[in-house]
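**Q** Under my numbering, the first residue of the sequence shown carries the number 9, and numbering increases by one thereafter.
Cβ atoms here follow ideal geometry from the backbone N, Cα and C, with glycine treated the same way.
One structure, as structure tokens, below. Some questions next.
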Amino acid sequence: MQPDVIDLRSFYTSPLGRVAQRMILRAIRTRWTSLQGLALLGHGYAIPYLDDLREGTERTIAFMPARQGVAPWPRGMLSAVSLVEGSELPLRDSVMDRVVLVHSLEVSDDPSALMSEIWRILAPGGHVMIIVPNRRGPWARVDTTPFGAGQPFSRRQLTALLRHALFTPSHWSEALYVPPISRRFILQTAMGWERLGASLSLPFAGLHVIEATKQVYRPALAGKMARVRGLLHPVLVPTGGAAAGRKSDGLEHFPI
9 MQPDVIDLRS FYTSPLGRVA QRMILRAIRT RWTSLQGLAL LGHGYAIPYL DDLREGTERT
69 IAFMPARQGV APWPRGMLSA VSLVEGSELP LRDSVMDRVV LVHSLEVSDD PSALMSEIWR
129 ILAPGGHVMI IVPNRRGPWA RVDTTPFGAG QPFSRRQLTA LLRHALFTPS HWSEALYVPP
189 ISRRFILQTA MGWERLGASL SLPFAGLHVI EATKQVYRPA LAGKMARVRG LLHPVLVPTG
249 GAAAGRKSDG LEHFPI
């Protein structure tokens, strides 16, 4: 079940939500230190992160799934948000340089179709940052946060999904080693949890944070060409058919 925009906004204004936002943004910034002059898209509920990431970008827009609802963004400026269907993004081909997916892939009805659309709108060599719940992590098992909604992923599942959509994973990391508990001691020591979990490479992080690059060439094209060539093989047709050829024994032959 997909959380609505009211639940998402309430979570990110809570103490636990602010800690989660800070830890996730820290993981994103380790890879995307500067987006100067680039076109950035956030899909899902990415606006808590776009406020920081949009600085210096050529343009930044946010797409929110229709079932989720929409929140105005950015505040005090012209709206840069649109409601969309997951498999039909209203953009031309190859117009975005960076895409970040948050509260998106795990609640999509068709993750493969969504990733194909992301591939289409990304410029050649463009990057996508995917934040999804880890199947082995505690955040996916607690439904009191938005990360407990939808379908969590394993690393193997994500690898298969990215390869099918013609993306090459370039960096894997995790976030939210801190337990999803709103106690003051836990929240105050969140950074220590993150550092300890990352240093020990613990497998129980709450989220996967994956950066992947768009593959420029689609290998599926070779299959299409093979099928087209197969249609051009010589065949025999009855006398009186539309094709012209040499007649022999009542049959017309196409030259090879």
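For Val-107, report the span of its beta strand (DSSP E) as first-last.
**A** 104-110
**Q** Are Gln-29 and Tyr-20 touching if we call contact CB-CB under 7 Å?
**A** yes
**Q** Could you tell me the boundaries of the alpha helix (DSSP H) in which Ser-207 lies?
**A** Residues 198-208.
**Q** At which residues does the alpha helix (DSSP H) containing Thr-167 begin and terminate?
**A** DSSP places Thr-167 inside the alpha helix (DSSP H), whose first and last residues are 163-172.
**Q** Report all residues from its chain with a CB closer than 6 Å to the CB of Ser-102; omit the five preceding and five following residues, and keep chain order.
**A** Counting only Cβ-Cβ distances below 6 Å, and skipping sequence neighbours, we find Ala-131.
**Q** First and last residue of the alpha helix (DSSP H) that includes Arg-30?
**A** For Arg-30, the enclosing alpha helix (DSSP H) begins and ends at 23-37.
**Q** Look at Met-104 and Ala-173 and say whether their C-beta atoms are less than 7 Å apart.
**A** no
**Q** What is the rounded straight-line gap between the Cα of Thr-197 and the Cα of Arg-100?
**A** 45 Å
**Q** Report the three-state DSSP secondary structure of Phe-19 (helix, strand or coil).
**A** The DSSP-derived three-state label of Phe-19 is helix.
**Q** Applying the 10 Å Cβ sphere with the 16-neighbour rule, what's the burial state of Met-31?
**A** buried
**Q** Where does Ile-126 fall in DSSP's three states?
**A** helix
**Q** Do the segment 80-87 and the segment 105-116 make contact, defined as three or more Cβ pairs closer than 8 Å?
**A** Counting Cβ pairs under 8 Å, fewer than three are found: no touch.
**Q** Short of 6 Å in beta carbon distance, which residues of its chain neighbour Glu-202, apart from the five on each side in sequence? Order them along the chain.
**A** Met-31, Tyr-185
**Q** Please classify Met-72 as buried or exposed, where buried requires at least 16 neighbouring CB atoms within 10 angstroms.
**A** buried
**Q** Would you give the residue range spanned by the alpha helix (DSSP H) that Pro-56 belongs to?
**A** Annotation for Pro-56: the continuous alpha helix (DSSP H) segment containing it runs 55-61.
**Q** Applying the criterion that 16 or more other CB atoms from any shown protein chain within 10 Å of the CB defines a buried residue, is Thr-68 buried or exposed?
**A** buried
**Q** Suppose contacts are defined by Cβ-Cβ distances below 7 Å. Is Val-217 in contact with Ala-183 by that definition?
**A** yes
**Q** Which residues share a DSSP beta bridge with Trp-180?
**A** When DSSP reads this structure, Trp-180 sits in a beta bridge with Ile-218.
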